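If you're matching positions, the sequence shown starts at -10 in my numbering and goes up one per residue.
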Amino acid sequence: MNRAIPLSKISKLILVFFVFVSCGQTGFAQEQVLEVDLPTLLKAGGADNLIIERYKKEQDLARAQYLKAKSWWLPTLSLGTRTNQLWGAAMNSDGGFFLDVDRANMWLGAEAELAWDFGKAPYKVKAESLRLEAASYRTKEEKNQMLLKLINTYYDLKKAQLDRKAYEEMLKIADTVTRQVEVQVEGGFRYRSEALTSATNARHLEIQLINAQTRFEKQKEKLRELLDVDNAVKIIPADELLLPLNLNKKSDDLVEVVDGKRPGIKALEKEVEALQELKKQTTTGLLLPELSVLAYGSYFGGLLEEVEPVRPSEEPDPKTFYPTSAVTVSMIWKLPLGRIFYKGELKHHEALIDLEENKLEQFKNKVTREVKSARAEVENTRKQLNIAEEAQDLAAEALSQSIERQKLGTAAPFEVFQAQEYYLRSRLDYLNVVSNYNKAQYQLYVALGNNL
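Okay, here's the thing in structure tokens:
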């Protein structure tokens, strides 16, 4: 006899079902996948990396300093009121004193104050403009270096991915050979020890596969750190290709190419030029005057009461306020004797220039070493590439023939294991050479002054 399920149980089952579906949908919605290839990596790394963001903010700071210096010629405007009250003694303009004075006045109006220091301000503007250019070049240099780190990590990730795939393929072959040997042992064509050896080889490859998977996961985490990607995002390579690149053309004029294009060199050159502009404040700047202008227009009079004219007959109906205006212009040449005789400020600027030029020379030497090292790496790995490709093809053919002979029973399992080992070694060598070759290509590309 069938018993009906109580309504309460049905409700609970429906509730559990919806909770299960909701949880599944939530988990699915939260899972994000980032497929990385080189173009995606360069775009994401250049936009989101925190180190690059810091240099962009420093560039914004340099732009703000430039705008601040550029505003030197604009006057300062004031609008408001001033009051003055005095009780007691006061001296007249002719030197006489008035006693028991009770004076109160109010000034209400606007004024403009202008101060042009021709010996400093123009050089300051030029220096800040050069520093803004230097900040822009410095941002490009650091961005290239950070993207270069991303590229190196990306190729390490690709190599780890394809290493893992190579071990997976060899493990499949080893398992197939083991099963074939087991069948041949049961048929009396092989010894049991050969089957055990074959199984041992498969287990060894399984361990190597786990190690390869571990290296792959570590490289993904390194890439995650450089990209500043959330831990909830799953990073996977967009494809399983690793092909050699050819980014650079041969150049015999090494120094000219480097000096003309490298952003880091341009940044330091602009810093030197900026310091040279500031130095002019202590040389030609001393010959230039400082112009000051003060102009105002206002109402001036008593403080909440009518004024008392000096000649009441001329002003029989006095008011509280009267219009007044004035302009004061001065042009001053300053001669700082300490700066002229001891030249401390001049020597200070010269020392700063020498230090910056020393940095520039060191950086040029560093760039030259980078170019030579990267070029040598490219040439060496290019030679290795042809050898590794040929070795991989030969090992693949040897492995294929060994497997076919093993199926026919004319090759011992040990021969297949050895062919596997040679193929695996040649495959890993090839992947390593391609990875190093591509990394060296990008290293040389950036060292020569190209932007990523």
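Heads up, the beta-carbon is just placed ideally off N, CA and C, and yes, glycines get one too.
What you are looking at is a predicted structure, and each value in this text was computed from that prediction instead of being measured.
Item	Value
Hey, K148 and S424 are a contact pair by Cβ (cut 8 Å); roughly how many whole angstroms apart?	4 Å
So which of D26, L280 and T72 has the shortest CA-CA distance to A104?	L280
With a cut-off of 8 Å on the beta carbons, I'd call E171 and A184 a contact; round off their distance for me.	5 Å
For Y143, collect the residues of the same chain with a Cβ closer than 6 Å to its Cβ; drop the 5 residues on either side in sequence, then sort them by chain order.	L30
So, with DSSP's three-state summary, where would you put L500?	Examination of residue 500 is not possible in this model, given that the chain is present from -10 through 441 alone.
In the DSSP assignment, find the beta strand (DSSP E) that holds L68 and state where it starts and stops.	T65 to M80
How would you label L151, buried or exposed, when you count the other beta carbons within 10 angstroms and need 16 or more for buried?	buried
Which partner residues of P226 appear in the DSSP bridge assignment?	V25
With a Cβ-Cβ cutoff of 8 Å, do Y411 and A377 count as a contact?	no
How about G290 and A99: do their beta carbons lie closer than 8 Å?	no
Would a C-beta distance cut-off of 8 Å place L234 and Q430 closer than the cut-off?	yes
Under 8 Å between the Cβ atoms of I41 and E122?	no
In angstroms with no decimal places, state the Cα-to-Cα distance between E386 and E393.	11 Å
Pick helix, strand or coil for Y285, following the three-state DSSP scheme.	strand
Mark Y331 as exposed unless 16 or more other C-beta atoms lie within 10 angstroms of its C-beta, in which case mark it buried.	exposed
Is the separation between the beta-carbon of L441 and that of V360 shorter than 8 Å?	no
Can you give me the C-alpha to C-alpha distance between L75 and L292, rounded to a whole angstrom?	12 Å
Taking Cβ positions, are L417 and A155 nearer each other than 8 Å?	yes
Rounded to the nearest angstrom, what separates T70 and A315 at their Cα positions?	16 Å
Output needed for A163: all residues of its chain with C-beta closer than 6 Å, excluding positions within five of it in sequence on either side, in chain order.	N190, A191 and L194
So, Y288 versus L97, is the Cβ gap smaller than 8 Å?	yes
Going by DSSP, what residue range makes up the beta strand (DSSP E) through N94?	F86 to D106
Between D306, K428, V114 and A436, which has its C-alpha nearest R358's C-alpha?	A436
By the DSSP assignment, the beta strand (DSSP E) with A315 in it spans what residues?	F310 to I321
Hey, would you say A227 sits closer than 8 Å to D26, going by beta carbons?	yes
Under 8 Å, do I342 and K268 count as touching if we go by C-beta distance?	yes
Do you know whose CA, among S82, L137 and E334, lies nearest G438's CA?	L137
What is the residue span of the alpha helix (DSSP H) that N200 lies within?	R181 to L216
Should F86 be labelled buried (16 or more other beta-carbon atoms within 10 Å of its own) or exposed?	exposed
Could you check if P402 is buried or exposed, using at least 16 other CB atoms within 10 Å of its CB as the buried criterion?	buried
Alpha carbon to alpha carbon, how far is A263 from M80?	52 Å
How would you label R414, buried or exposed, when you count the other beta carbons within 10 angstroms and need 16 or more for buried?	exposed
Which one of E229, K59, D91 and L283 has the shortest CA to CA distance from L119?	K59
Would a C-beta distance cut-off of 8 Å place T128 and Y55 closer than the cut-off?	no
So which of R92, Q134 and R204 has the shortest CA-CA distance to E73?	Per the sequence shown, the amino acid found at residue 73 is Asn instead of Glu. Among R92, Q134 and R204, the Cα nearest to that of N73 is on R92.
Buried or exposed: which applies to K428, given that a residue is buried once 16 or more other Cβ atoms fall within 10 Å of its Cβ?	buried
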